[in-house]
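Okay, structure first, notes after.
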Amino acid sequence: MNGQYLGIHGLLPPAFMTEEQQAYRVMKKLREEANDLERFIHLDSLQDRNEKLFYRVLCDNIKELMPIVYTPTVGLACQKFGFIYRNPKGLYITINDNSISKIYQILSNWPSKHIQAIVVTDGERILGLVLIDVGTDNQAMLKDPFYIGLRRPRVRGEEYDTLIDNFMKACTKRFGRDTLIQFEDFGNQNAYRLLDRYKNEYCMFNDDIQGTAAVVVAGLLATTRVTKKKLSQQKLVFFGAGGAATGVAEMCVRQMVEEGLTEKEAYDNIYMMNIDGLITKSRSVNLSDRHLHFAKDLPDTRSLLEVVKTVRPAAIIGASTVAGSFTEEIIQEMARINPRPIIFALSNPTSKAECTAETAYRCTNVGHRAVRFRFSI
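Be aware that the sequence shown starts at 1, since it is given in full-length UniProt numbering, and climbs by one per residue.
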């Protein structure tokens, strides 16, 4: 098809380039970029102007480019979002739009009415496609001249709840009740509360709690083929007790009950550690209702190694964002206790992972004995 037929004759250089040639040129340019953030920006720009070529390049070079378009580079891109911002993607709703009619009007700007899924965030844990901006308590962001969000303290309480209510109502009014609304990167304070509030009323789920849990429990079930033991026959230690970790732990409880344990027996198999150490009954005054179920009648301790030695778990599951917290000594202790230790280092970005695959394999010291799972939360 020539340029005259398309009405663009003389507007483009005369040479014709195949898609293969274009993809080669993109990769050559990417490999010459100074760092991964620049590569992310280049690919983001390519997606804006030529989506077909973007996916061709990505599919042909998936191993090389996935760390650029996803973990770990995407985390840095989110932190630098105001600085690298080029084109709007998605929709932006703020606390200043706190009415069903205003939110509906914003949603009506989306060119298609037939939407099957929406990803929404309030930005408290970064990421997201539809942003509900209620301000930020991050002082570094408020002082950043490139910050493009609302420059005000984060709104909480009744005003916040009203905004989320209005969003859900406007969303179903605009797109229908069958549209899936995915809550993404809401802070722990709101994630469970909003899930409990809306799960029986709207077609919605919380990815950090439910999506992560589904994938991690699937990973744990896969390890049973190696260990030859049911999940209900194993003790698990969670290092980190935020929304994602608690969601995984609760789904583990449900799986163990499916396998024949009582709910109490299932909770007894799971040990959780938060920023203050092992969750114990002596700390019950400061625990949430969800964490109370996991409280153990054991001495207080902040030492993961001590917990591993006492509990003798089959698996340690990291969701702490504390880099290197699965030390060589801890991994070696897991290998001493278990013929095939299960080590899940889940924290995102990779720089905050509890350990690397190399460390896990090296410290188990017997031909890749560790069953290691890497999934970013």
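Backbone N, C-alpha and C define an ideal beta-carbon position, used for all residues, glycine too.
A Cβ-Cβ contact shorter than 9 Å links Phe167 with Ile103. Assignment of Met17 by DSSP, reduced to helix, strand and coil, places it in the coil class.
Per DSSP, the unbroken alpha helix (DSSP H) holding Val311 starts and ends at 304-311. Residue pairing of Asp44 in beta bridges, as defined by DSSP: absent, with no partner found.
For a cut-off of 8 Å, the C-beta gap from Pro313 to Lys235 is around 4 Å, short enough to register as a contact.
Each of Asn98, Ile100, Cys171, Ile209 was checked against the Cα of Arg290, and the nearest Cα belongs to Ile209. In this structure, Pro72 sits near Asn348, with a CB-CB distance shorter than 9 Å. DSSP places Tyr92 in the uninterrupted beta strand (DSSP E) bounded by 91-94. Taking all protein chains in view, the Cβ of Gln21 is surrounded by fewer than 16 other Cβ atoms within 10 Å, so the residue is classified as exposed. Rounded to the nearest whole angstrom, the CA to CA distance from Tyr202 to Tyr361 is 44 Å.
Taken through DSSP and simplified to helix, strand or coil, Ile8 comes out as coil. Of all alpha-carbon atoms in Asn35, Lys173, Lys228, the one lying nearest the alpha-carbon of Ala77 is that of Asn35. From the listed residues Arg56, Met141, Gly3, the smallest Cα separation to Phe16 is found for Gly3. Between the segment 291-305 and the segment 268-281 there are three or more inter-stretch CB-CB distances shorter than 8 Å, so the stretches are counted as touching. For the options Ile316, Tyr70, Val308, the alpha carbon positioned closest to that of Ala249 is the one of Ile316. The beta-bridge partner set that DSSP reports for Ala23 is empty. Excluding its 5 nearest sequence neighbours in each direction, Glu159 has C-beta neighbours in its own chain below 8 Å: Ile95, Asn98, listed in chain order.
Rounded to whole angstroms, Ile270 and Val237 show a C-alpha spacing of 6 Å. When beta bridges are read from the DSSP output, Gly277 appears opposite Asn274. Annotation: the continuous alpha helix (DSSP H) that includes Leu195 extends over 188-198. Pairing Ser288 with Ala266 gives a Cβ-Cβ distance that is not under 9 Å.
The beta carbons of Val311 and Gly240 sit no closer together than 9 Å.
Nearest C-alpha to Cys355 among Ile331, Arg336, Ala214: Ile331.
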